[in-house]
Amino acid sequence: MSARSAFLAAGVAIAAAIFLLPPASRLSRNLGEAVADMILANATIYTADPSRPFADAMAVRAGRVLRVGGYDSVKELKGRHTFELNLSGNVVLPGFIDSHVHFIDGGLQLARVPLRGVRSKDDFINRVKEAVRDKHHGQWVFGGGWNNDVWGGDYPTAAWLDDISPDNPVWLSRMDGHMGIANSLAMRMAGIDKNTNNPVGGTIMRTTEGEPTGLLVDAAMKLVFDVIPEVSIHERRDALFRASRHALTRGVTTVVDVGSYFPGKSEKQAWQDFTDIYEWAHSVEKMIMRVCLFFPMPTWSRVCDLIHEKGRMLSQWIHLGGVKAFLDGSLGSSSALFYEHYKDDPRSYGLQLVNMDDLLKTTLESDKSGLQVAIHAIGDKANDMLLNMYDKVVDLNGMKDHRFRIEHAQHLAPGAAKRFGKHGIIASVQPDHILDDANSAGKKIGIERAERSSYSFRSLLVGGAHLAFGSDWPVSDINPLQAIQTAVSRKPVGWEVPWIPVERLSLDDSLKAQVSLRPNIFLHECAITNFALE
1 MSARSAFLAA
11 GVAIAAAIFL
21 LPPASRLSRN
31 LGEAVADMIL
41 ANATIYTADP
51 SRPFADAMAV
61 RAGRVLRVGG
71 YDSVKELKGR
81 HTFELNLSGN
91 VVLPGFIDSH
101 VHFIDGGLQL
111 ARVPLRGVRS
121 KDDFINRVKE
131 AVRDKHHGQW
141 VFGGGWNNDV
151 WGGDYPTAAW
161 LDDISPDNPV
171 WLSRMDGHMG
181 IANSLAMRMA
191 GIDKNTNNPV
201 GGTIMRTTEG
211 EPTGLLVDAA
221 MKLVFDVIPE
231 VSIHERRDAL
241 FRASRHALTR
251 GVTTVVDVGS
261 YFPGKSEKQA
271 WQDFTDIYEW
281 AHSVEKMIMR
291 VCLFFPMPTW
301 SRVCDLIHEK
311 GRMLSQWIHL
321 GGVKAFLDGS
331 LGSSSALFYE
341 HYKDDPRSYG
351 LQLVNMDDLL
361 KTTLESDKSG
371 LQVAIHAIGD
381 KANDMLLNMY
391 DKVVDLNGMK
401 DHRFRIEHAQ
411 HLAPGAAKRF
421 GKHGIIASVQ
431 PDHILDDANS
441 AGKKIGIERA
451 ERSSYSFRSL
461 LVGGAHLAFG
471 SDWPVSDINP
481 LQAIQTAVSR
491 KPVGWEVPWI
501 PVERLSLDDS
511 LKAQVSLRPN
521 IFLHECAITN
531 FALE
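The UniProt record's numbering numbers the first residue of the sequence shown as 1 and each following residue consecutively.
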């Protein structure tokens, strides 16, 4: 059975994973004698329990799973008013967890110029042109999702936009969020010209004459962000609801929101999103998506204060997870940090976005305070640097359940995958990035390097890493079924053979990584409990 057919065969799709439930043993004690509201019978229920991977019946009451097992056991919880649904053998999966999203940004992007999948310069220009028609003089035009590799590799420039947007500043982010294109009006507003220096951790792309092309990489994007008007609270709240509905339609019931912070950008937005959006939505009882929030690592002490004041679980909907930081950029923007230079730019090895002494200091303090630490690393050098740093943290803070996360773990040097298991590190990976990078990684770093280092899912699992699947939305769309199939097949559209077939995962391992049942990806009990098997 393929990953896609395992779910799409179901006539009824049930989101059965429950967020913030007590462990299964406590479920039996607290709810063991309760009468079920609903019983699912004659089903194929995936449990992720190796001793009994599938069950055929489940009892539910008030949105919580009472029992999963054989029908004879489950029907003991049937009462006079219990509704019984015969699924005729169809599949029931736990609600999916997306372990890495930029949730509010994704919701905002759903209402902006859609550039994902654009396959030519003309299509790119026409989509922006249509958006400009609906704007008032001076109003900003936003969009995102473009991938220059799709149309041959040439980066867009301000010249593509200037004739169609002379009176409107334009900012369009690349799909990976580590690069964007501004038109000339936006650059003038930001004060970017030939004499503007590259900021620390960022690059202003230039012509051979030194003139800015409009492309800004990583920390350089802040130059434009500083002149963009703040998105209103109303728009951001709408973005949460839009994002939540979108995720639910894909079977996702829990997300890990790592926010919109990156080095060089103010931490203010992350905390405004927490107070103005998440706390507000909870207060008016409008939360429909369970979220685990990560905050900018420079604000670790503020996160500790918040947890001390309110606890880690603000409600069944909102959990305070930990802190996030960056070490490097992305492959597509040529800012992921490698040992060897980029094939298409012999002068570049990528960008190190933070000082390692500073990163070590804040990681030590965060970990010592009980916060889960998640750090972005994509290039092979960046991943080794991060693994080395985690070793130091364990040496200094002592052995405990640190539950460190490495976000992306995309390109690994030989032997690096085995190091994840040493401290039980969670590899927060994005299978659907394969669909883009399989075609472009060889151009960026060479075919041999790409095939020995990229998306080493099987090696990570064998090395003892805990795999957690995410989308990185809006970098890639939220689509867990597609992500599972990608991890199993590793075949982008049009490919007849897998890309790096030795790194393919089984369907069972892929499902577990998408529902994160073994083990919990969160440092403190919050998001997933196992089914109470009978």
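Just so you know, even glycine gets a beta-carbon here, dropped at the ideal spot from N, CA and C.
Source: prediction; values computed, not measured.
My assumption, with CB atoms under 8 Å, is that residue i sits in contact with residue j. Please give the rounded CB distance.
| i | j | result |
| --- | --- | --- |
| K321 | F294 | First, the amino acid is wrong: residue 321 is Gly here, not Lys. Yes, they are in contact, since the Cβ atoms of G321 and F294 sit about 5 Å apart, within 8 Å. |
| L351 | D328 | 6 Å |
| M297 | A325 | 4 Å |
| I181 | P199 | About 17 Å separates the two Cβ atoms, so there is no contact after all. |
| L108 | V231 | 7 Å |
| A243 | G106 | 5 Å |
| K512 | A62 | In fact, because the Cβ distance is near 27 Å, the residues do not count as touching under 8 Å. |
Residue i bridges to which residues according to DSSP?
| i | result |
| --- | --- |
| I97 | T254 |
| C292 | V256, H319 |
| Q372 | G322 |
| I406 | I375, A427 |
| D218 | G202 |
| F142 | W171 |
| residue 555 | Limits of the chain in this structure are 1 at one end and 534 at the other, which puts residue 555 out of reach. |
| N86 | A41 |
| M313 | H319 |
Could you give the distance in angstroms between the alpha-carbon of residue i and the alpha-carbon of residue j?
| i | j | result |
| --- | --- | --- |
| R26 | I425 | In this prediction, R26 scores a pLDDT of 36, lower than 50, which makes its location untrustworthy; the coordinate-derived value is nonetheless stated afterwards. So the alpha carbons of these two residues sit roughly 28 Å apart. |
| residue 541 | G144 | The chain is shown only over 1 to 534; residue 541 falls outside these bounds and no answer can be derived. |
| S366 | F225 | 28 Å |
| A36 | M287 | 25 Å |
| P166 | N148 | 23 Å |
| R29 | Q514 | Residue confidence for R29 is low, a pLDDT of 38 falling below 50, so the modelled location carries little weight and cannot support an answer. |
| D477 | V150 | 16 Å |
| S73 | N86 | 16 Å |
| P498 | P492 | 8 Å |
| P169 | L240 | 25 Å |
| D98 | A186 | 34 Å |
| G138 | L115 | 22 Å |
| K418 | D176 | 27 Å |
| S335 | V91 | 42 Å |
| K222 | R64 | 44 Å |
| R403 | F469 | 16 Å |
| V429 | L93 | 21 Å |
| Y71 | R52 | 14 Å |
| A43 | A59 | 12 Å |
| D508 | S459 | 16 Å |
| Q269 | D163 | 33 Å |
Could you say which of the options lies nearest to residue i if we only look at CA atoms?
| i | options | result |
| --- | --- | --- |
| R112 | G350, E235, N388, V429 | E235 |
| K194 | T208, A413, Q410, K443 | T208 |
| N229 | W146, T299, P298, V141 | The amino acid at residue 229 is misidentified as Asn; the sequence shows Pro. That would be V141, whose Cα lies nearest to the Cα of P229. |
| S506 | F457, V475, G463, H466 | F457 |
| R452 | V373, Q410, A158 | Q410 |
| F83 | L115, G106, L40, I45 | L40 |
| K400 | L371, V231, L185, I500 | L371 |
| T213 | T203, K222, P199 | T203 |
| S315 | E285, G153, Y390, R133 | E285 |
| W495 | L460, T486, H136 | T486 |
| H376 | S369, K368, L386 | L386 |
| D123 | W146, K135, N439, D105 | W146 |
| G442 | D276, R52, I233, H341 | H341 |
| G463 | A190, L161, Q109, L412 | L412 |
| I307 | V255, D345, S369 | S369 |
| K121 | A416, D134, G152 | G152 |
| H189 | A48, L467, W171 | A quick correction: the sequence has Met, not His, at residue 189. Ranking the options by Cα distance to M189, first place goes to W171. |
| R174 | P474, G421, T196, I484 | P474 |
| Y349 | M313, I445, H319 | I445 |
| G210 | R61, T196, V256 | T196 |
| G415 | K392, I277, K381 | K381 |
Would residue i and residue j qualify as a contact pair, given that the criterion is a beta-carbon distance under 9 Å?
| i | j | result |
| --- | --- | --- |
| R490 | I434 | yes |
| L364 | N397 | yes |
| S454 | D437 | yes |
| T362 | V303 | no |
| V258 | V101 | yes |
| R290 | W317 | yes |
| I45 | A57 | yes |
| H178 | F54 | no |
| S260 | I104 | yes |
| S333 | D472 | no |
| N279 | T299 | Residue identity differs from the one stated: residue 279 is Glu in this sequence, not Asn. Result no, Cβ atoms of E279 and T299 do not sit closer than 9 Å. |
| residue 556 | A374 | No answer is possible for residue 556: the residues shown for the chain start at 1 and end at 534. |
| R119 | N479 | no |
| L337 | G379 | yes |
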